[in-house]
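Notes to accompany the following structure.
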Amino acid sequence: MQLSTNHLLGIKDLTIGDIQLILSTAKQFKEVLQRPIKKVPSLRDTTIVNLFFENSTRTRISFELAEKRLSADVLNFTASGSSVSKGETLLDTVNNILSMKIDMVVMRHSATGAPHFLAKHIPVSIVNAGDGINEHPTQALLDAFSILENHGTLEGTKVTIVGDILHSRVAMSNMYLLKKAGAEVMVAGPPTLIPKHIQQAFDVRVEYNLKKALEWCDVANILRIQLERQNQVLFSSLREYSMSYGVNKKLLDSLNKKITILHPGPINRGVELSSDAADSDQSIILQQVENGVAVRMAVLFLLSNRSATLN
Ligand code: CP
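Heads up: the sequence shown runs through residues 7 to 317, numbered per the numbering used here.
Now the structure itself:
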């Protein structure tokens, strides 16, 4: 079986068949990662460059590890310290790197649509590792994989995404994926951090009361306030945000059921999530990070098969 696309630019472009194929392939790679020898030769003789024009800890390390587990040759590029600071354009930077015979590009960029632009101009597969406030497809895939591991199904599972929905590419990719997979989705947070027409645009529920939002769901995906993307005051202070929308263990214990807590990282402990909730047995945050490697192995492996048909 093959993906319907040569690139992974966003969940928006994937079919439910693509999503199921990636998740089932990731399950096989997760088994590989439990073995004493965690490496397979699938991408031997494939060279992948990781282009990170924006900061990252989890995604960058996870992609690099996934590539190495697949036996690919790996190059890492970060914008700081590169000739980007001398005025080189994105396309020139990438074309120069590609002239060294690169087979696949993984890219994170602060500009929405940057990987979509590149996909129109370069002849190799591109994986979007997060573009501006648009999408972070591999995060949504690893979130879905982790929900599946803990709840057995996405269909009918109730997921609340809490926090800064307005600036979150994780929220966007999660909403596309969860709706395609038949989950029920709610977004929760202060009205200023929830886009006005989201209910109609994504067919999701909207709730401004955190406790009601958590009472409703099976899974809560807690998001950080993305201060780096905000150019206006959207709430009075982090302390006040935390008092109204911070998830802590006392709140979790007061609910009528035990819900599962996800967070894409990095966590701002004590703001959107307290330490006692982040480190509780309801949290699967580190399981998400572990699953990220298997999911990214699946994406790279499946796209490399597509590359063979690229002309
Ligand atoms: N979840 C996520 O994208 O984390 P990083 O910014 O550390 O890659």
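Each residue gets a CB set at the ideal place from its N, CA and C atoms; glycine is no exception.
- Task: Using only alpha-carbon positions, find the residue among Ser310, Met7, Leu244 and Ile171 that is nearest to Asn274.
- Result: Closest option to Asn274, Cα to Cα, is Leu244.
- Item | Own chain residues within Cβ distance below 7 Å of Leu160, not counting five before or after | Correct list, in chain order: Ala150, Ile153, Leu154, Leu184, Ala187, Gly188 and Ala189.
- Item | Under the three-state DSSP convention, the category Asp51 falls into | Coil at Asp51, not helix or strand.
- Any 3 or more C-beta pairs closer than 8 Å across the segment 88 to 101 and the segment 260 to 276: These segments do not touch.
- Task: Would you decide whether Met249 is buried or exposed? Buried here means 16 or more other CB atoms lie within 10 Å of its CB.
- Result: Burial call: exposed.
- Message: By the three-class DSSP mapping on this structure, what secondary structure does Met303 have?
- Response: Here Met303 carries a helix assignment [DSSP, helix/strand/coil].
- Query: Mind checking whether Leu71 and Ala300 have CB atoms under 8 Å apart?
  - Reply: No, Cβ-Cβ distance for Leu71 and Ala300 is not below 8 Å.
- Among Asn215, Ile108 and Asn227, which one has its Cα closest to the Cα of Thr163? Residue Asn227 is the option with its Cα nearest to Thr163.
- In terms of alpha-carbon separation, which member of Met181, Lys107, Val212 and Ser77 lies closest to Asn140? In terms of Cα proximity to Asn140, the closest of Met181, Lys107, Val212 and Ser77 is Met181.
- Where the alpha helix (DSSP H) through Leu100 begins and ends: It is worth fixing the name first, because residue 100 is Val in this sequence and not Leu. Leu96 to Leu104 is the span of the alpha helix (DSSP H), which, as asked, contains Val100.
- Message: With distance defined between alpha-carbon atoms, name the residue in Lys36, Pro42, Ala207 and Phe59 nearest to Val295.
- Response: With distances taken between Cα atoms, Val295 lies closest to Lys36.
- Cβ-Cβ distance between Ser88 and Leu49 below 8 Å: The answer is no: Cβ separation not under 8 Å.
- Task: Could you give the DSSP three-state label for Met181: helix, strand or coil?
- Result: In the structure shown, Met181 sits in a helix (DSSP, three-state: H, G or I).
- Task: Tell me, please, which residues DSSP counts as bridged to Ile228.
- Result: Val168.
- Query: Below 8 Å, can you find three or more Cβ-Cβ pairs linking the segment 108 to 127 to the segment 43 to 60?
  - Reply: Between the segment 108 to 127 and the segment 43 to 60 there are three or more inter-stretch CB-CB distances shorter than 8 Å, so the stretches are counted as touching.
- Query: With Leu257 and Val168 assumed to form a contact (beta carbons below 8 Å), what rounded beta-carbon distance in angstroms separates them?
  - Reply: Not quite, the Cβ-Cβ distance comes to about 11 Å (not below 8 Å), so this is no contact.
- Mapping DSSP to helix, strand and coil, what is Leu261? Correct three-state label for Leu261: coil.
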